[in-house]
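Taking it in order: structure first as structure tokens, then the write-up.
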Amino acid sequence: AAPDANTATKPSDTRPGDSDAQQLYDTLMEKHNSSDQITNVQKYVDDVKKTGDKTVVLIDTDKLTVTVTGVGIDFENSNGYLVEVVNKTDKNIFVQTSDTTVGKDELNLFVNAAPNATTKGFAFLDPGVKLDPSASVRGTILALYGTDYSMDSFNVLI
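The working numbering applies: residue 1179 is where the sequence shown begins, and numbers increase by one.
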């Protein structure tokens, strides 16, 4: 899908890397970057059943591209969006939603995006919460970069 007018090509906010951000990055790497954890997460995402079509490029910068590739449901009956994150850097990038809601329901996304690769993820609602594929969802996606521990915030519209 080509970027459109709603694609975030620049962050709405950038926080320079500091020792706190480096500590957070190191903690996330420890927790999420073991081969077992990566395998388990990808198995979970691969098992999400696609229930609808939706393609939206949310973010497209020189460091990463985040694209919604469909609507799906996981084994816990959680509806959400299938997502692909292209990491264009040579260090991991952690991507997560912040203050992203469908009505009053929180949309949760966390992706450990491998360097110079495409990593799949699933942005999900609580089990049983309905998701209208045509609904517009506004929110924020945060990206924490391993290259310099900076963090970008992007305003997105799904």
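Just so you know, even glycine gets a beta-carbon here, dropped at the ideal spot from N, CA and C.
Between N1286 and F1302, is the Cβ-Cβ spacing less than 8 Å?
In the sequence shown, residue 1286 corresponds to position 108, counting from 1. In the sequence shown, residue 1302 corresponds to position 124, counting from 1. In terms of Cβ geometry, N1286 and F1302 form a close pair [threshold 8 Å].
Cβ separation of V1280 and L1309, assumed to be a contact under 8 Å, to the nearest whole Å
Along the sequence shown, read from residue 1 onward, the residue named residue 1280 stands at position 102. Along the sequence shown, read from residue 1 onward, the residue named residue 1309 stands at position 131. Contact flag correct, Cβ pair sits at about 6 Å.
By how many angstroms is the C-alpha of V1226 removed from the C-alpha of N1184?
For the purposes of this step, residue 1184 is identified with residue 6 of the sequence shown, where counting begins at 1. For the purposes of this step, residue 1226 is identified with residue 48 of the sequence shown, where counting begins at 1. Approximately 26 Å between the Cα atoms of the pair.
In chain order, which beta strand (DSSP E) runs of at least 3 residues are fully inside the region 1237 to 1307?
Runs of the beta strand (DSSP E) inside the region 1237 to 1307: 1242 to 1251, 1257 to 1265, 1271 to 1276, 1288 to 1291 and 1295 to 1302.
For a cutoff of 8 Å on Cβ pairs, would you count T1297 as touching chain D?
Note that chain D does not occur in the displayed structure, where there is just one protein chain.
Quick check on DSSP: helix, strand or coil for I1216?
Residue 1216 sits at position 38 when you count from the first residue of the sequence shown. I1216: helix per DSSP, three-state reduction.
Give me, in chain order, the residues of the same chain whose beta-carbon lies closer than 7 Å to that of A1313; leave out the 5 immediate sequence neighbours on both sides.
Here residue 1313 refers to the residue found at position 135 of the sequence shown. Within the same chain, A1313 has close Cβ partners V1280.
Considering only DSSP beta bridges, list what D1231 is partnered with.
Taking the sequence shown and counting its residues from 1, one reaches residue 1231 at position 53. Note: D1231 sits in no beta bridge, so no partner.
Compute the distance between the beta-carbons of Y1327 and Y1203, then report whether it is under 8 Å.
Translated into the one-based positions of the sequence shown, residue 1327 becomes position 149. Translated into the one-based positions of the sequence shown, residue 1203 becomes position 25. Yes, the pair counts as a contact, with Cβ atoms nearer than the cut-off.
Is it right to say D1330 is buried, meaning 16 or more other beta carbons lie within 10 angstroms of its own, or is it exposed?
Within the sequence shown, numbered from 1, the residue matching residue 1330 stands at position 152. That one is buried.
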